[in-house]
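Taken in order, the sequence shown gives residues 9 to 255; the numbers are from the numbering used here. Where a beta carbon is used, it is the ideal one built from N, C-alpha and C, also for glycine. As structure tokens, the structure follows; a few thoughts come after it.
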Amino acid sequence: MRIPENIFQTIYEHLLPTACITCQEFQKFSICNKCLDSLRDGALFNYQCCCQCGIALQAPEVALQKCVACQHLEPYFDETYCLDRYEGLLQKPLHELKYQKRIAFANALSNTWNLLIGKDFVNTHADYLLPVPLSTQKLAQRGFNQSWEIARRIYCGQHIQKTPYVLQRHHYSEHQAGSSLNNRQQAIQGMFYVAADDIQKLQNKTVIIFDDVMTSGATLNEIARVLKDNGVSRVINWVLLRAARPI
Ligand SMILES: [Zn+2]
Ligand SMILES: [Zn+2]
Numbered sequence: 009m010r011i012p013e014n015i016f017q018t019i020y021e022h023l024l025p026t027a028c029i030t031c032q033e034f035q036k037f038s039i040c041n042k043c044l045d046s047l048r049d050g051a052l053f054n055y056q057c058c059c060q061c062g063i064a065l066q067a068p069e070v071a072l073q074k075c076v077a078c079q080h081l082e083p084y085f086d087e088t089y090c091l092d093r094y095e096g097l098l099q100k101p102l103h104e105l106k107y108q109k110r111i112a113f114a115n116a117l118s119n120t121w122n123l124l125i126g127k128d129f130v131n132t133h134a135d136y137l138l139p140v141p142l143s144t145q146k147l148a149q150r151g152f153n154q155s156w157e158i159a160r161r162i163y164c165g166q167h168i169q170k171t172p173y174v175l176q177r178h179h180y181s182e183h184q185a186g187s188s189l190n191n192r193q194q195a196i197q198g199m200f201y202v203a204a205d206d207i208q209k210l211q212n213k214t215v216i217i218f219d220d221v222m223t224s225g226a227t228l229n230e231i232a233r234v235l236k237d238n239g240v241s242r243v244i245n246w247v248l249l250r251a252a253r254p255i
């Protein structure tokens, strides 16, 4: 008798139900079908978004496919794709990962990404996928880089090399949260650098940067600036959650 390949997975799912990461209902998967459907219908990736910074477009911006901010001052990065809004269903699971150190949520969040938009991005032309790095001190404090823990599990073409080491970050004691946009842009300058041994391999390459949360875009813009200063030709951002535009 032939044993189905997924029999152990099936037994496991029936014996060990799991709680959905967003509604906590016990069922088979890390995110339940109801929550998945709700994201399929309402998550940010369904909307017309700025091709450069990923923010939801307002009606007058749709024709150009670019938000007013990017029209006035073009960022260094070339494209941005976001799964959902920061205020949406996935904020709480992300906080469980980042602040409660529940590492299983990285698996569930990347699984959610793969189910919803993984197929759309699997043929993306790029050479490297790098997470937004943490400083060594921050990494020691948290124990893991949440962006890397998600990025390492998401689908992308096999031609894309994933690595958390190429991009590095200095440690600054000032915390970004709560500071104004201008201060954030100033605070982030000079914070990132490329590991000396890796500069050569970035020449004329396309790099995807994965970030868990994009707020003002200052961090990703500074990273793109540093990468392009080091010879990268194109920078694409993949973002789990995108904050709404500042009022
Ligand atoms: Zn659910
Ligand atoms: Zn924009």
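| Asked | Found |
| --- | --- |
| Residues in the same chain with beta-carbon distance under 8 angstroms from Ala116, minus the five sequence neighbours each way, listed in chain order, please. | Ile29, Ser38, Ile39, Pro101 |
| Is the CB-CB distance between Ser143 and His179 below 8 angstroms? | yes |
| Using a threshold of 7 angstroms, is the CB atom of Ala67 nearer than that to any non-hydrogen atom of ligand 2? | no |
| So, does the stretch 240–248 touch the stretch 166–174, judging by three or more C-beta pairs under 8 angstroms? | no |
| When you get a sec, list the residues whose CB is within less than 7 angstroms of any heavy atom of ligand 1, chain order please. | Cys28, Thr30, Cys31, Glu33, Ile39, Cys40, Lys42, Cys43 |
| Which complete beta strand (DSSP E) runs does the stretch 95–140 hold, if anything under 3 residues is left out? | 136–139 |
| Indicate whether Phe218 and Ala159 have their beta-carbon atoms separated by less than 8 angstroms. | yes |
| Are there any heavy atoms of ligand 2 lying less than 7 angstroms away from the beta-carbon of Lys77, as far as the coordinates show? | Correcting the residue identity first, residue 77 is Ala in this sequence and not Lys. Yes. |
| My understanding is that Val174 touches Leu138, with C-beta atoms under 8 angstroms, so please give their C-beta distance in whole angstroms. | 5 angstroms |
| Alpha carbon to alpha carbon, what distance is there between Arg253 and His103? | 21 angstroms |
| What is the DSSP secondary structure of Asn245, reduced to helix, strand or coil? | strand |
| Examine ligand 2 and report whether any of its heavy atoms sits within less than 7 angstroms of the Cβ of Gln56. | no |
| Kindly indicate which three-state DSSP category Glu33 falls into: helix, strand or coil? | coil |
| In the DSSP assignment, find the unbroken alpha helix (DSSP H) run with Glu87 in it and report its ends. | Careful: Glu87 lies outside any alpha helix (DSSP H), inside the beta strand (DSSP E) at 87–93. |
| Taking the alpha-carbon positions, what's the Ala27 to Cys43 distance? | 12 angstroms |
| Just how far apart, CA to CA, sit Phe200 and Leu72? | 32 angstroms |
| Per DSSP, what are the beta-bridge partners of Gln176 in this structure? | Tyr201 |
| Mind checking who Arg250 pairs with in its DSSP beta bridge? | Arg93, Met222 |
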